[in-house]
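Enquirer:
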Amino acid sequence: MSSELAIARAGFGTRVRHIWQTSRRLPLIPIIIMSAVVFVAIFADLITPYPPNEMSLPDRLTPPFFMPEGSTAHILGTDTIGRDILSRMMYGARISLSVSLMVIAIASVIGTFLGMIAGYRGGRVDAVLMRVTDAALAFPALLIALLLAVALGPKFSTVVLALSALSWAPFARMMRGEVLKLRGEDFVAHARVIGCSQARILIKHLFPNVVNTLVVLMTMSVGLVILIEASLSFLGAGIPPPTPSWGSMVADGRNLFDRAWWISLFPSLAIGSVVLSGNFLGDWIRDKMDPRLRQL
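Per this note's numbering, the very first residue in the sequence shown carries number 913; after that it's consecutive.
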């Protein structure tokens, strides 16, 4: 019995050491931040202390709780019309994450399709698609988004359309490069020999080999899309008020930073944290998925 117990303990200890060593290699802080943002975005209706647009003029410009005049009733303070900053930030996370996921989903589908077609077909098809991609990359995303906002009006669908209209280009360029490297491989030649159609070769043989690159690019695009959406909202061309958005919250406090700095500071910290976390996660996923960069 004692030997069996020793083996069991040794096995448990080995598992614990393995889990500990694995966790040490994980980017824990970015994972925690992104997980918290996702959790807050999903359950904002249940966990926010106040409705996001509830006004309380007697509580206007209440400082955060850690300041002498602060109150635990409003942990991060209130804005100029008494709305709770924490509650609005939680709902703002939902807006930012929704825009980011929709834009990345649309852009990745369009960009992957066009990039794989261009890389596999080559010739005139490649030349035409890549010139269109170059043109899309040349346009400043903020300027196009501002023009669409003026033409269609600032709203959620306009932001998604504007960001998707140009965000597909990096996906197309990256997927083309990956397919160009793969189309001369033996497994592609064998698929042609046995009579596979071009669609089957693209879907069954090439696409599984570019998924890793696609996942990395999608992960690293999350922070960029959130940053552009916040910039549009800051300029008044993004999510229209009174819907809470991190960018519009920063804009609300830009003229009051000397006496109500918390209105702009906390949403700014949220934007910066999510952008950095997305970039760190993307780098980590790239290192793990690319055999040439994998650390053993």
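We treat Cβ as the ideally placed atom computed from N, Cα and C, and that holds for glycine. Since the model is a prediction, treat every value here as computed from it, not as a measurement.
1) Relative to the C-alpha of Tyr962, which residue among Thr1045, Gly989, Val949, Leu940 is closest?
2) Assign Asp903 to one of three DSSP states: helix, strand, or coil.
3) Who are the Cβ neighbours of Pro980 in its own chain at under 8 angstroms, not counting the five residues just before and after it?
4) Determine, using beta-carbon pairs with one atom in the segment 1132-1149 and one in the segment 1183-1194, whether at least three such pairs fall under 8 angstroms.
5) How is Ser1008 classed by DSSP in three states: helix, strand or coil?
6) For a test of the three-state rule: what should DSSP assign to Asp1170, helix, strand or coil?
7) Below 7 angstroms CB to CB, which residues in the same chain sit around Phe1178 once its five sequence neighbours on both sides are set aside?
8) Can you name the residues that DSSP bridges to Asp996?
9) Does the count of Cβ pairs from the segment 1054-1065 and the segment 1023-1034 closer than 8 angstroms reach three?
10) Determine the direct distance from the alpha carbon of Pro1156 to that of Val1128, and round the result to whole angstroms.
11) For Ser1176, which of helix, strand or coil comes out of DSSP?
12) Compare the Cα-Cα distances from Ala1149 to each of Arg995, Leu1075, Pro970, Phe977 and report the closest residue.
13) Can you find at least 3 beta carbon pairs, one from the segment 1137-1148 and one from the segment 1156-1176, that sit closer than 8 angstroms?
14) Taking C-alpha atoms, which residue in Leu1009, Thr992, Ala1077 lies nearest to Ser947?
15) Could you pull out every unbroken alpha helix (DSSP H) segment of at least 4 residues lying fully inside the segment 1138-1162, listed in chain order?
16) What separation, rounded to the nearest whole angstrom, lies between the Cα atoms of Leu1041 and Ala1084?
17) What would DSSP say about Ser983, mapped onto helix, strand or coil?
18) Take the Cβ of Gly1184 as the centre, count every other Cβ of all protein chains shown within 10 Å, and call the residue buried at 16 or more, exposed below.
19) Would you report the Cα separation of Pro1154 and Gly994, rounded to the nearest angstrom?
Expert: The answer reads as follows:
1) Nearest option by C-alpha distance: Gly989.
2) No answer is possible for residue 903: it lies beyond the span of the chain, which begins at 913 and ends at 1208.
3) Taken in chain order, the list of residues that qualify is empty.
4) Touching, yes, given that three or more Cβ pairs across the two stretches are closer than 8 angstroms.
5) In the structure shown, Ser1008 sits in a helix (DSSP, three-state: H, G or I).
6) DSSP, read as helix, strand or coil, puts Asp1170 in coil.
7) Cβ neighbours of Phe1178 within its own chain (closer than 7 angstroms, five residues either side excluded): Leu988, Ile997, Met1001.
8) Beta-bridge pairing links Asp996 to Thr990.
9) The segment 1054-1065 vs the segment 1023-1034: no contact.
10) Roughly 29 angstroms between the two C-alpha positions.
11) Residue state, collapsed to three classes: helix.
12) Ranking Arg995, Leu1075, Pro970, Phe977 by Cα distance to Ala1149 puts Leu1075 first.
13) Segments in contact, yes.
14) Cα-wise, what sits closest to Ser947 is Leu1009.
15) Fully enclosed alpha helix (DSSP H) runs of 4 or longer: not present.
16) The alpha-carbon atoms of Leu1041 and Ala1084 are separated by roughly 9 angstroms.
17) Secondary structure at Ser983: strand, using DSSP grouped into helix, strand and coil.
18) With fewer than 16 other Cβ atoms within 10 Å, it is exposed.
19) A direct Cα-Cα distance of roughly 13 angstroms separates Pro1154 from Gly994.
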